[in-house]
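One line per chain: the protein sequences are U and F, in this order.
One point on numbering: in my numbering, the residue at position 416 of the first sequence is 401, and numbering is uninterrupted.
Converting from the second sequence to my numbering requires adding 1 to each position, the first position being numbered 1.
Just so it is clear, CB atoms sit at the ideal spot from N, CA and C, and this is done for glycine as well.
Below: the structure, in structure tokens.
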Amino acid sequence: MITRTRLAAGACALLAALTAGTAFPAGAAAGEPTGEDAPKVDLVLDVSGSMRTRDIDGGTRMAAAKQAFNEVLDATPEEVQLGIRTLGADYPGDDRKTGCKDTAQLYPVGPLDRTEAKTAVATLSPTGWTPIGPALLKAADDLDGGDGSKRIVLISDGEDTCAPLDPCEVAREIAAKGIGVTIDTLGLVPSTKLRRQLSCIAEATGGTYTSVEHTDELTDKVNQLVDRAADPVVTPVATEGADACAKAPTLESGLYTDREEFGQQRWYRVDVEPGQELRASVSVGADRAVNPSHGVLLRAVTANGREIVRGEAAGNGRTDVLSTGLRYPKAESDDSDEGNAAAEAVCLQVTNSFSPASGVQTTPGLPLELTVDVVDGPSDSDDVASFGLGRGWWLLGLLVLVGFLAGLLWGWLSRWRFAVWRTN
Amino acid sequence: MRCTRLLGAAVMLLALAAAPAAADSSPSASPSGGAAGGASGDSDAPTVAGTSFRTATEIDQGQRATASGSAGDYLYWSFPADAGQRPTVQATVKLPETHAAETWRIDVYDGLRRRQACQWGAETRTAQADAPSLELACVLRTVRAWSEPWANDPLPGTYYVRLTAVNLPASGLGAPVSAEVQVDSKDMGGAAAVDGSLAEPLVPGIAVTSGQDDGEGDGDSEDGERNAVLSAIEPEDGWSSGWWSDRWVWTGIGAVLAALAGIGGYALTRGTGRPRRVPPGA
């Protein structure tokens, strides 16, 4: 059974490769499955002095974190490459400059040796400062390379003590690098300031923030996040839209990411042959604090500037993304003339009407995700009912009435003909 | 004599006419089968939710998916809906023991990530302080087989459900919550039939994956686990080809009735047997 599935999968992959090779020579890479690269997770643990506080299930925060890590290391799926990074683990002194550089790789991201990793975790003792920003930057470097999904799990009990480097902006920069890192944060203390900072970091990369008060909650959540990293996802292809249609990059079917600043417009081009249908959808993410009312507009425009169809979305209040999409079936060309069957370059324009809340940085731009599918066109509707069929009691009544009248008429006709025949 | 025959014909007509009504109530697809299976077949129901369109957890209709998360998370699921179905999304959120008043909401998006309106149902609801749970529902419009590109009609394909708190006090952020989501659908039959169909259902990424689907046949659900695709969703018995609707039954029975009525009408004018005035030798 397994061999058969494998065979089928192999044959399918071959076929897919062939199809992709012939149909989409340039864009085959776009949004193609990238399951071969191992997912990577970097656990970033705060080992600052405050982790000594005894307020989680009667033990210290550090003890809770260690216990959780041990259980997580046991449960980590084989295919996940796991690393551990600490912050504030080594420098106990008062010098802020040194303290704010204090982040170290406890266990490198790679195939996991559970015993070794556990031994490394056991050596930790709460020591220094809380340099979240620098630790995140380093963690992003740890994860660099490969096409698998990448996730940073940050566990902290105190807000960053190393201003002016705002960890929230650091997170946004990491996301803007386009290496596809998601940062999930776990707060060990229910303080408003910590909550605001950690949720801001999570929001900036599309991650989640969880407030943790018990050891088992911590274990469950970290396990859940590691498992989530193991789920295969399509890695989008980074692209850069132009500010005018003429200069826009040409896209094939696939999944793309880009960045779009507030009030900016992005243009892309897609070639659509007659008889094909273009499907495009776009999501613009709000990765920072934005004003409540916002909108996204996606327009399909001909090369001459005529709008074909548009998709629009508007919303107010809290949101992660605002998305919309459109379909454009290009009619079969009527002439059999070869020259007229050429593909049409359709320009896609993406604009947003997000506005930044006061005091929020406007660069880098908002994350933009674009999916493009070019498929066969639909078979058109020429009647409201399917195949010209009808339904309902009125239809039956009408058919019976007409049939009855036709029968009567036929009967009378034949009687009349019989009468004529008899008189003759 | 003539009278009884007519009566007999009328009874037969009535019996035939009742058939389309029966065809109406027996769904041609089997969404109700999925709903029935929901109660028993939950062992493989997903227990996690995605956090974006890209990572949305795929669920089948009738499955009761659960997920745990934190207040403030955006939880995503996706499900398939085929032409002629009218999906209903129901969600239950279990809130922590102590919390301030918070508002939750479900949004449903189609395969093009266009927001789909709810006909009715509480898509937004506010839980009072310390309320243990909250129920949300959204009844979508009937999915059509075809629509004009300028219309926002629901079309067969992937649908996304997003569940989130829209109005959350700062103190509630990050608190553990759990959610349950179930999608059922009502089969609307031929009343919703349109003439025309999409070449491919509105499944994101289908232009990239359709080459694979053609080649592998039944094995796709198994080896799909390592192959990342945007959406590998499909109804249990595949996408409907779109040629069947109960309109065939209605129209066919109409034709039979019309023929019978025609015979009846003819018989009325002709009487039975040979005309009385015709001499036997004619």
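| Asked | Found |
| --- | --- |
| For U:G118, tell me which candidate among U:Q52, U:P77, U:C147, U:V197 has the shortest Cα-Cα distance. | U:C147 |
| With distance defined between alpha-carbon atoms, name the residue in U:D42, U:S184, U:D98, U:T195 nearest to U:A274. | U:S184 |
| In its own chain, which residues sit with a C-beta less than 6 Å from the C-beta of U:T235, not counting the 5 before and 5 after it? | R254 |
| Assuming F:T104 and F:T127 make a contact with CB atoms under 8 Å, what is their CB distance in whole Å? | 4 Å |
| Along chain F, in chain order, which residues have C-beta atoms closer than 7 Å to that of U:V387? | A259 |
| Quick one: any contact between the stretch 101 to 119 of chain U and the stretch 63 to 81 of chain U, if contact means 3 or more CB pairs under 8 Å? | yes |
| Rounded to whole angstroms, what's the CA-CA distance from U:L381 to U:S364? Just pull it up for me. | 29 Å |
| Excluding sequence positions up to five away, which residues of its chain have a Cβ less than 6 Å from the Cβ of F:W121? | V140 |
| If you check the beta carbons only, do F:S232 and F:V204 fall under 8 Å apart? | yes |
| If you measure from the beta carbon of F:P150 to each beta carbon in chain U, is any gap under 8 Å? | yes |
| Just to confirm the assignment: which complete alpha helix (DSSP H) runs, minimum length 4, are found wholly within the stretch 333 to 373 of chain U? | none |
| Is F:T127 helix, strand or coil when you go by DSSP? | strand |
| Skipping 5 residues on each side, what residues in its chain have a beta carbon closer than 7 Å to that of U:A49? | I41, D42, T200, L203 |
| Please tell me whether F:V178 and F:A72 are closer than 8 Å, where the distance is taken between their beta carbons. | yes |
| Measuring only the C-alpha atoms, how far is F:G191 from F:I254? | 15 Å |
| Is the separation between the beta-carbon of F:P155 and that of F:D83 shorter than 8 Å? | no |
| How about U:S308 and U:V267: are their beta carbons less than 8 Å apart? | yes |
| Which chain F residues are close to U:A298, counting only those with a beta carbon under 8 Å from its beta carbon? | R115, R116 |
| What residue range is occupied by the uninterrupted beta strand (DSSP E) comprising U:K135? | 135 to 141 |
| Since F:S53 and U:G191 are thought to touch, with beta carbons under 8 Å apart, how far apart are those beta carbons, to the nearest angstrom? | 6 Å |
| Please compile the residues from chain F whose C-beta is within a distance smaller than 7 Å of the C-beta of U:G392. | A262, G263, I264, G265, G266, Y267 |
| Evaluate U:F9 with the Cβ neighbour count: other Cβ atoms within 10 Å of its Cβ, from every protein chain shown; 16 or more gives buried, anything less gives exposed. | Residue placement at U:F9 is poorly supported in this model, since its pLDDT is 36, which falls under 50; the coordinates still yield a value, given next. Its Cβ being crowded by 16 or more others within 10 Å, U:F9 is buried. |
| At a CB distance below 7 Å, what residues from the stretch 193 to 206 of chain U approach chain F? Give them in sequence order. | T193, Y194, T195, S196, E202 |
| Would you say U:T190 reaches chain F, if we count a Cβ-Cβ gap shorter than 8 Å as a contact? | no |
| Going along chain U in order, which residues have a C-beta closer than 8 Å to the C-beta of F:T252? | L374, G375, R376, L380 |
| Using a Cβ cut-off of 9 Å, which residues of the stretch 178 to 191 of chain F contact any Cβ in chain U, in chain order? | G190, G191 |
| Just to make sure I have the definition right: I need the residues of chain F whose C-beta is within less than 7 Å of the C-beta of U:G239. Which are they? | V209 |
| Alpha carbon to alpha carbon, how far is F:G173 from U:L28? Give it in angstroms, no decimals. | 25 Å |
| To the nearest angstrom, report how far apart U:R180 and U:S196 are at their CA atoms. | 8 Å |
| Are the CB atoms of U:V269 and U:L353 within a distance shorter than 8 Å? | yes |
| Output, in sequence order along the chain, the residues in the stretch 109 to 139 of chain F whose CB is closer than 9 Å to any CB in chain U. | Y110, D111, G112, L113, R114, R115, R116 |
| Examine chain U for any beta-carbon lying closer than 8 Å to the beta-carbon of F:F54, and answer yes or no. | yes |
| When you compare the CB of U:T309 with every CB in chain F, is at least one pair closer than 8 Å? | yes |
| Is the shortest distance between the beta-carbon of F:D74 and the beta-carbons of chain U less than 8 Å? | yes |
| For the stretch 333 to 353 of chain U against the stretch 143 to 150 of chain F, do three or more pairs of beta-carbon atoms, one drawn from each stretch, fall closer than 8 Å, so that the two count as touching? | no |
| Skipping 5 residues on each side, what residues in its chain have a beta carbon closer than 6 Å to that of U:T242? | P221, A223, E354 |
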